[in-house]
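Asks: Per this note's numbering, residue 11 is the first one in the sequence shown, and the count goes up by one each step. One structure coming up, written as structure tokens, with questions to follow.
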Amino acid sequence: MEIPMRKSRILWSQFHNIQYPMGYIPRDNLNFKDNILDWTGDSLHTNFKSLFEHLIKRGYHVEILTSDLTKFDARLYGTLMLVDTEEEFTEEERVKLHNDVEKGLGVVVLADWYNTEVMRSVRFFDDNTKTHWHPLTGGCNIPALNALLDSFGVVIGDRIYDGEITATVVGSGDAVNQREVVRATFGTGAGLFKFPKGATIVKFPLRDRTAEFSKQNMNSAQQQVDAPVLGFLQYGLGRLAVFGDSNCVDDVNSPMMCMWLVDHMLKFTTQGSDPDTVLFAKQEVLTEGFVMSQAKLPERTPGVVVSSRVPLQELIHARPLYNVSRYIGRSPSSEGWSAAGHQDDMELSVQGGSAFWKVRLMVPVGLMVVVFAYIVYMMMSRGTVLKMTRDSRMRV
């Protein structure tokens, strides 16, 4: 088989998805209340199967990365896809990805919602384990993703938007004068918090439902705003395309898929085409750095370290954002990666992990006790039957 060209090779990061039952990962689309858990695997062979088949039909060769970002040769791939990531990233991964993009790697990011108030509102009491289940992260681990992408000037916020996005696709070749209006679901995703000068951002009219989902104001009007949820960035020889939602490529959560948008993002990262083959109503090239004043920098929670495969001491180091009192990285302290912050995380990890594993061990231990009791009962019953048989024969 002929080796495919670099631009047609896509690497899908599977390592950075945390699958149920390793922890309580809440649903990606908060509108669907029947499924409270994100249990479908977030895999190209489960709920992203339609996306996988679409990429194959488009001529892409898709490979799955089951280890961290330090374990692949970026010279072989055109685009790395980070879709709905819940796992943490390491400092080594951040440095390597930065160098890879500078040398020509493209990155496509499809994020999802993250808001600590909403995370508190979706906790519940589980009747089976008799414990309160607290989400380890949001629909996506935005703080970890921000720590990875901040070196490119990209940060995602904590506002939750919902609605429908539209665009006009321009034809090619003989059909260059043709126009087609396309739509897709934006199902409770996130918006951009910060984007660098010279990049392109796209805004869509969406409903801001942050207050509603956090139950701070259930009667609040669903205000429609121009939400910045899509961005395109050239960095060195590489390119990044960032979108605030992954539900539109999820077979479970999306009434209207956004394969047309994925095509557009991949053309940007792999072929170097400018974002004009799809026309957006509100597209802006930034003449200065963009910062979303209405949004907040997502706050970290310690819960995800319980189920993370990333050693705590290897997490991305904390550093200031724009030299203000807001930090990106594992520790929120002003000293960056402090020993105190590290110790607090370790204690929370041990406490949370202890409770988590106690619950997981109760079920198999309980089953073993039941099976053992059943075996003893059967042996005793068998002994009683044999004794009764012998007694009856002796009487005869």
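All C-beta atoms, glycine included, are put in the ideal place defined by N, C-alpha and C.
Using DSSP bridges, identify the partner residues of G376.
Replies: In DSSP, G376 forms no bridge with anything.
Asks: Are the region 131 to 144 and the region 110 to 120 touching by the rule of at least three beta carbon pairs closer than 8 angstroms?
Replies: Verdict: no, contact absent.
Asks: Counting only the same chain and skipping the five closest in sequence on each side, list residues whose C-beta sits under 6 angstroms from that of Q233.
Replies: So the list reads D218, once near-sequence residues are dropped.
Asks: Can you tell me the Cα-Cα spacing of L307 and V165, whole angstroms?
Replies: Straight-line Cα distance between these residues: approximately 8 angstroms.
Asks: Give a yes or no on whether 7 angstroms exceeds the smallest Cβ distance from F25 to chain D.
Replies: No chain D is present in this structure, which holds just one protein chain.
Asks: Using CA atoms only, rank isn't needed, just tell me which of D52, T210, D110 and D261 is closest to T80.
Replies: Ranking D52, T210, D110 and D261 by Cα distance to T80 puts D110 first.
Asks: Under 8 angstroms by Cβ, that's how I've got I35 and T147 pegged, so tell me the actual separation to the nearest angstrom.
Replies: Yes, they are in contact, since the Cβ atoms of I35 and T147 sit about 7 angstroms apart, within 8 angstroms.
Asks: Which residue comes first and which comes last in the alpha helix (DSSP H) that contains L307?
Replies: Run containing L307: none; DSSP gives neither H nor E here.
Asks: Inspect the CB distances between the region 55 to 64 and the region 157 to 174 and report whether three or more fall short of 8 angstroms.
Replies: Short answer: they don't touch.
Asks: Identify whether P265 lies in helix, strand or coil by the three-state DSSP scheme.
Replies: Coil at P265, not helix or strand.
Asks: Can you look up I385 in the DSSP assignment and give me helix, strand or coil?
Replies: Here I385 sits in helix by DSSP.
Asks: Taking the C-alpha atoms as reference points, what is the distance between N41 and K225?
Replies: So the alpha carbons of these two residues sit roughly 14 angstroms apart.
Asks: For a quick check, are the C-beta atoms of F25 and D78 less than 7 angstroms apart?
Replies: In this structure, D78 lies closer than 7 angstroms to F25 by Cβ.
Asks: According to DSSP, what are the bridge partners of H142?
Replies: For H142, which the question treats as bridged, DSSP gives the partners F135.
Asks: For Q238, is the classification buried or exposed, using 16 other Cβ atoms within 10 angstroms of its Cβ as the cut-off for buried?
Replies: With the sequence shown as reference, residue 238 is identified as Pro, and Gln is not the correct amino acid for it. Counting Cβ neighbours within 10 Å, P238 comes out buried, since at least 16 surround it.
Asks: Are the beta-carbon atoms of M269 and H64 separated by less than 7 angstroms?
Replies: Contact: yes.
Asks: Determine the contact status of G197 and N39, defining contact as a CB-CB distance below 7 angstroms.
Replies: Yes, these two residues count as a Cβ contact at 7 angstroms.
Asks: So the candidates are P265, K17, G208 and M91; which of them puts its Cα closest to the Cα of T76?
Replies: Nearest option by C-alpha distance: M91.
Asks: Which residue from E309, F242 and M388 puts its Cα closest to that of N156?
Replies: Measuring from the Cα of N156, the nearest candidate turns out to be E309.
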